[in-house]
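Chains U and R, in that order, give the protein sequences.
So the first sequence is numbered by the working numbering: it starts at 143 and just counts up by one.
So the second sequence is numbered by the working numbering: it starts at 1060 and just counts up by one.
Here is the structure we will look at, set down as structure tokens.
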Amino acid sequence: MITIKNLKARVEDKEILKGINLQINAGEIHAIMGPNGSGKSTLASVLAGKEGYEVTGGEVIFEGKELLDLDPEERAREGLFLAFQYPVEIPGVSNTNFMKTALNEVRKARGEEPLSASEFLKLLKEKAALVGLNPEYLSRYVNDGFSGGEKKRNEIFQLAMLNPKFSILDETDSGLDIDALKIVADGVNKIKNKNNSFLVITHYQRLLNYIVPDFVHVMYDGRIVKSGGKELALHLEENGYDWIKEIEVTA
Amino acid sequence: MEEDLKYKLISDFKLMESSLNGEAKSPFHKIRQDAISVFEELGFPVKKLEEWKYTNLNNITKNKFRQFLIPEKINLSYEEVASFIYPGFEGNLIVLINGHYSVKFSKIVTQTDGVYIGSFSEAREKFSDIFQNHFAKYADYYRNSLTALNTAFAIDGVFIHVEKNITVNEPVLILNIADSRDESLIAQPRNLFVMEEGSSVNIIDDYYTIGEHPFFTNSVIEVVLKNNASLDHYKIQNDGSNAFHIGTIQVEQSRDSKFTNSTISWGGSLIRNNLNAVLNGENSESHFYGLYLLKDKQFVDNHTLVDHAVPNCNSNELYKGLIDDKATGVFNGKIMVRKDAQKTNAYQSNKNILLSADAKINAKPQLEIFADDVKCSHGATSGQLDQNSMFYLQSRGISKDEAKILLMNAFSSDVIDSVKIDSLRDYLHSQLFKKLKK
């Protein structure tokens, strides 16, 4: 589904990604773990197309297309989704209007007709129920005055609405208590199927108890320094990241 | 050049005067004569005056406007007039063509006793006491030359009088149609709204231009709110790029009265909105809202004054602007809290989004506070659309253009939300969306 080859990127003069290689197939869940400052969120931002990052090398092939040539909205229409670490509050734009505009643009790109008002409303309610989002939040302004947990749940709700092929969850667990975490993970598990795939970025192993990854990668200083199965996450939980730094130094 | 226009208008005044016959000796006309001499002395305002620092009138004064005096040969159909009425409007319709009340097109539906909604010129005799007490008593023509000019040519416009404790349920829509198809004209509508104790009314003042010649509207509205009276006034500016508008609204408020104004500026070449409220009775309140969407070389100056003359009054101002191309916005908001006006609450906010590198805003809040137990605040911001919000919307598949529209719409919405007439609010929301899409 997505192939990342030797991806390098920098912010201003600072090189952050120093050659990332990653292959994610349909139906797979991959996790990227790593200490603060290792470049995890930069990878998410570069894949989603955020301004301010300069790609200095490598390529990303997403469903046969060169992803890095596309604008952020084109990436979304091709089926890429980023669940933000810090979802943005947009007073004045209702969640419903936001989703209606987004869904229609995504459908248009897929050559589908816009949904009728009643079809849209039905989908809205169905997906809100799926991720346990209180319907009251649909008419509220996007993330405006939402608690941390509500914001993250709203991200998963948007994911459910847009039904992307490949989703990046950027530190979705940060700031969540265990109940909120379970609800968010439960939503992801309901959406997951053999045709879509996920990249879960997290600092802690905790989330991976609920969203069980097929592969775990450890990122350090802009590179993936170790890959393995889900047991790697447990190892990190027990031993911390210091042993990774040593690998890096001796390598 | 401004001298040329000045003397042309003074000679138009003499022309008007010669057609008055008996009225020329009336006390009313004495005020006009007084006003024209003030105008002759002061002339058009120039930029070196502090109150006109940001507003250059050269584009107005270089024209040869003729004062429109008699509603001669107006060639306008019912269909054309109807096209200016916003969808869903129900209520009293007043059509002013070049500042003159059109009996043909106006339609008053309110039949309640004690309510007069009609032409200024016709009401002058019938309500001579009210005119004597209120006309030219609030809008100060001694210190403002354009108010003086309007007062000198106070011939027609709208007069509204509502007796004690009457609520006028049907709003009043005033369609100001500027017809510049044949020549460059100046129209000077003069309005007087007198609301007796406990009365209330809603008024929508809508401005349109037809024709291509330059057109100059210099209007004055005096509003008198007695105890516990209330008035919601909506000013919608749809003028063309050949139109200049200078409008003064002067509000005099007594105890427990409430005044709200929302000014929406969509179009016009140069606009100056003077909005002044004097809170002269305890527990009275004023709310001012403004939204301006500017492009090309448009210029809009919202110039407000809230004068807290007595204790325990509230005022609130919210002005927002989206400024594109080489357009310029000005917000000059003065709050005066006089020595006795303790327990005053006065708030003011001006927010702008600059959409191009050449767009400009001059924001000048002025707080003059002479009382010590008051709550006053002001804030002015200007910036670009928030990049994080843009990226968030785009990351969901929304195009850059569409994301901009969503954010500009969100920015502007709360001003339109202040409109209390449902049909008007819906219409303005759809207008806003349409204008943003362009």
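All C-beta atoms, glycine included, are put in the ideal place defined by N, C-alpha and C.
- Query: Does the separation of the CB atoms of Glu-220/U and Leu-210/U fall below 9 Å?
  - Reply: Numbered from 1 along the first sequence, position 78 holds the residue referred to as residue 220/U. Numbered from 1 along the first sequence, position 68 holds the residue referred to as residue 210/U. No, the Cβ-Cβ distance between Glu-220/U and Leu-210/U is not below 9 Å.
- Message: To be precise: take each residue of the region 1467-1482 of chain R, compare its Cβ to all Cβ atoms of chain B, and keep it if any distance is under 9 Å. Which residues remain?
- Response: Within the model displayed, chain B is absent; protein chains U and R are what it includes.
- Inter-residue Cα distance where the pair is Leu-378/U and Ser-1458/R: By 1-based counting over the first sequence, the position of residue 378/U is 236. By 1-based counting over the second sequence, the position of residue 1458/R is 399. Between Leu-378/U and Ser-1458/R, the C-alpha separation is close to 41 Å.
- For the region 166-196 of chain U, which residues have a beta carbon sitting closer than 8 Å to at least one beta carbon of chain R? Ala-190, Gly-191, Lys-192 and Glu-193
- With distances taken Cα to Cα, identify the nearest neighbour of Leu-323/U among Gly-206/U, Asn-167/U, Gly-290/U and Asn-337/U. Counting from one through the first sequence, the residue named residue 323/U turns up at place 181. Measuring from the Cα of Leu-323/U, the nearest candidate turns out to be Gly-290/U.
- Using a Cβ cut-off of 9 Å (strictly closer), state whether Asn-398/U contacts chain R. No answer is possible for residue 398/U: it lies beyond the span of chain U, which begins at 143 and ends at 393.
- Message: Does the beta-carbon of Tyr-1200/R, which I'm using as the reference point, lie nearer than 8 Å to any heavy atom of the ligand NAD?
- Response: Absence of the ligand NAD is noted for the structure shown, with no ligands found whatsoever.
- Taking the alpha-carbon positions, what's the Phe-1429/R to Ser-1436/R distance? As a position in the second sequence, residue 1429/R is number 370, starting the count at 1. As a position in the second sequence, residue 1436/R is number 377, starting the count at 1. Between Phe-1429/R and Ser-1436/R, the C-alpha separation is close to 15 Å.
- With C-beta atoms as the reference, is Asn-1375/R less than 9 Å away from Glu-1341/R? For this step, residue 1375/R is matched to residue 316 along the second sequence. For this step, residue 1341/R is matched to residue 282 along the second sequence. No, the pair does not count as a contact, with Cβ atoms beyond the cut-off.
- Item | Pro-1230/R to Ile-1480/R span [Cα, whole Å] | One-based indexing of the second sequence puts residue 1230/R at position 171. One-based indexing of the second sequence puts residue 1480/R at position 421. The alpha-carbon atoms of Pro-1230/R and Ile-1480/R are separated by roughly 9 Å.
- Query: From this set, Leu-1079/R, Ser-1096/R and Asn-1333/R, which residue's C-alpha is nearest Tyr-1066/R's C-alpha?
  - Reply: For the purposes of this step, residue 1066/R is taken as residue 7 along the second sequence, with counting starting at 1. That would be Ser-1096/R, whose Cα lies nearest to the Cα of Tyr-1066/R.
- Would Tyr-283/U count as contacting chain R if we go by Cβ distances under 9 Å? Mapped onto the first sequence, residue 283/U falls at position 141. Yes, its Cβ sits closer than 9 Å to a Cβ of chain R.
- What are the boundary residues of the beta strand (DSSP E) that includes Pro-1424/R? By one-based count along the second sequence, residue 1424/R stands at place 365. Looking at the DSSP string, the run of the beta strand (DSSP E) that includes Pro-1424/R is 1419-1428.
- Task: Starting from the C-beta of Ser-369/U, find all residues in its chain whose C-beta is less than 8 Å away, skip the five residues before and the five after it, and write them out in chain order.
- Result: Your numbering for residue 369/U matches position 227 in the first sequence. Counting only Cβ-Cβ distances below 8 Å, and skipping sequence neighbours, we find Phe-357, Val-358, His-359 and Val-360.
- Message: For Asp-1445/R, would you say it is in contact with chain U, using Cβ-to-Cβ distances shorter than 9 Å as the test?
- Response: Here the question's residue 1445/R lines up with position 386 in the second sequence. With 9 Å as the cut-off, Asp-1445/R counts as an interface residue toward chain U.
- Does Thr-227/U get closer than 9 Å to chain R when you measure Cβ to Cβ? Here the question's residue 227/U lines up with position 85 in the first sequence. The question names Thr, but residue 227/U in the sequence shown is Gln. It does not: the Cβ of Gln-227/U has no partner Cβ on chain R nearer than 9 Å.
- Message: Quick check: is the beta carbon of Asn-338/U nearer than 9 Å to any beta carbon in chain R?
- Response: On the first sequence, residue 338/U is found 196 positions in, with the first residue counted as 1. No, because no Cβ of chain R sits closer than 9 Å to the Cβ of Asn-338/U.
- Query: Using the beta-carbon of each residue, which ones in chain U are nearer than 9 Å to Lys-1065/R?
  - Reply: The count along the second sequence starts at 1 and reaches residue 1065/R at position 6. Chain U residues near Lys-1065/R: none, gap ~46 Å exceeds 9 Å.
- Task: Sort out for me which residues DSSP pairs Gly-1326/R with in a bridge.
- Result: If you number the second sequence from 1, residue 1326/R lands on position 267. Its beta-bridge partners are Asn-1297/R.
- Hey, how far is the Cα of Gly-1270/R from the Cα of Lys-1132/R? Within the second sequence, the letter at position 211 stands for residue 1270/R. Within the second sequence, the letter at position 73 stands for residue 1132/R. The alpha-carbon atoms of Gly-1270/R and Lys-1132/R are separated by roughly 15 Å.
- Does the distance from the C-beta atom of Pro-306/U to that of Ile-171/U stay below 9 Å? On the first sequence, residue 306/U is found 164 positions in, with the first residue counted as 1. On the first sequence, residue 171/U is found 29 positions in, with the first residue counted as 1. Going by C-beta atoms, Pro-306/U is not nearer than 9 Å to Ile-171/U.
- Task: Output yes if chain R places a C-beta closer than 9 Å to the C-beta of Glu-278/U; else output no.
- Result: Reading the first sequence from its first residue, position 136 is the one you call residue 278/U. Closer than 9 Å: no.
- Item | Inter-residue CB distance, Asn-1287/R and Gly-1257/R (contact presumed, cutoff 8 Å) | Along the second sequence, read from residue 1 onward, the residue named residue 1287/R stands at position 228. Along the second sequence, read from residue 1 onward, the residue named residue 1257/R stands at position 198. About 5 Å; that satisfies the 8 Å criterion.
- Query: Going along chain U in order, which residues have a C-beta closer than 8 Å to the C-beta of Lys-1459/R?
  - Reply: Counting from one through the second sequence, the residue named residue 1459/R turns up at place 400. Under the 8 Å cutoff, chain U gives Asp-213 and Glu-215.
- Task: Take Ala-393/U and list the residues in its own chain whose beta-carbon comes closer than 8 Å to its own, dropping the five residues that flank it on each side.
- Result: For this step, residue 393/U is matched to residue 251 along the first sequence. A caution first: Ala-393/U carries a pLDDT of 48, below 50, which makes its placement in the model too unreliable to give a value.
- Task: State whether the region 1326-1341 of chain R contacts the region 1304-1312 of chain R, with contact taken as three or more CB pairs (one from each stretch) at a distance under 8 Å.
- Result: yes
- Message: What would DSSP say about Ala-393/U, mapped onto helix, strand or coil?
- Response: Start at 1 with the first residue of the first sequence, and residue 393/U comes out as number 251. Note that Ala-393/U has pLDDT 48, beneath the 50 cutoff, so the model's placement of it is unreliable and the number below is only indicative. Coil at Ala-393/U, not helix or strand.
- Message: Counting only beta-carbon separations shorter than 9 Å, does Tyr-1451/R have a partner in chain U?
- Response: Taking the second sequence and counting its residues from 1, one reaches residue 1451/R at position 392. By this cut-off, Tyr-1451/R is an interface position.
- Query: Listed from N- to C-terminal order along the chain, which residues in the region 1327-1360 of chain R have their beta-carbon within a distance smaller than 8 Å of any beta-carbon of chain U?
  - Reply: none
- Rounded to whole angstroms, what's the CA-CA distance from Phe-1318/R to Leu-1284/R? Just pull it up for me. Here residue 1318/R refers to the residue found at position 259 of the second sequence. Here residue 1284/R refers to the residue found at position 225 of the second sequence. Cα to Cα, the separation comes out at about 8 Å.
- Can Leu-1487/R and Lys-1463/R be called in contact, C-beta distance under 9 Å? Against the second sequence, residue 1487/R aligns to sequence position 428. Against the second sequence, residue 1463/R aligns to sequence position 404. Not a contact, by the Cβ cut-off of 9 Å.
- Query: When the Cα atoms are used, what is the spatial distance from Lys-1434/R to Gln-1407/R?
  - Reply: The residue labelled residue 1434/R in the question sits at position 375 within the second sequence. The residue labelled residue 1407/R in the question sits at position 348 within the second sequence. Rounded to whole angstroms, Lys-1434/R to Gln-1407/R spans 11 Å at the Cα level.
- Message: Within the continuous beta strand (DSSP E) that includes Pro-233/U, where are the two ends?
- Response: Counted from its first residue, the first sequence places residue 233/U at position 91. It spans 232-236 - the beta strand (DSSP E) in which Pro-233/U sits, taken as one unbroken run.
- Message: Once DSSP output is grouped into helix, strand and coil, what is the label at Val-1282/R?
- Response: Position 223 of the second sequence, counted from the start, is the residue given in the question as residue 1282/R. Strand, per DSSP.
- Along the chain, which unbroken stretches of the alpha helix (DSSP H) at least 4 residues long are found entirely within the region 284-351 of chain U? 290-304 and 320-333
- Under 8 Å Cβ-Cβ, which residues of chain U neighbour Leu-1208/R? Residue numbering aside, residue 1208/R sits at position 149 when the second sequence is read from its first letter. Ordered by position in chain U, no residue passes the 8 Å Cβ test against Leu-1208/R, which lies about 41 Å from the chain.
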